[in-house]
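Just so we're aligned: 58 in the UniProt record's numbering is position 58 of the sequence shown, and the numbers increase by one with no gaps anywhere. Each residue gets a CB set at the ideal place from its N, CA and C atoms; glycine is no exception. Notes to accompany the following structure.
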Amino acid sequence: MFSIFVSMIDIVIITATVYLLLKFFNKDTTADKQRAIAIIITALVFIYALLHFLNSTILFS
Numbered sequence: 001m002f003s004i005f006v007s008m009i010d011i012v013i014i015t016a017t018v019y020l021l022l023k024f025f026n027k028d029t030t031a032d033k034q035r036a037i038a039i040i041i042t043a044l045v046f047i048y049a050l051l052h053f054l055n056s057t058i059l060f061s
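Quick look at the structure:
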């Protein structure tokens with residue numbers, strides 16, 4: 001059950017990250033916005049890694 005939840009969250013995180021990367025490399029994006037986008041992407045990657053760590057520890061414990 002938890003792995004299904006993780007899979008749904010993965011789709012949302014990957015979609016959000018791709019969208020933010022496209023915004024990051026847009027020529028109209030200012031440096032302040034790029035900094036904020038970089039922080040959000042870092043947080044999303046951390047959440048992604050944490051979810052997969054929890055998923056593997058719950059499944060194999």
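From which residue to which residue does the alpha helix (DSSP H) around residue i run?
i: residue 32; result: 31-59
i: residue 24; result: 2-24
Considering only their Cβ atoms, is the gap separating residue j from residue i smaller than 8 Å?
i: residue 2; j: residue 58; result: yes
i: residue 13; j: residue 54; result: no
i: residue 22; j: residue 41; result: no
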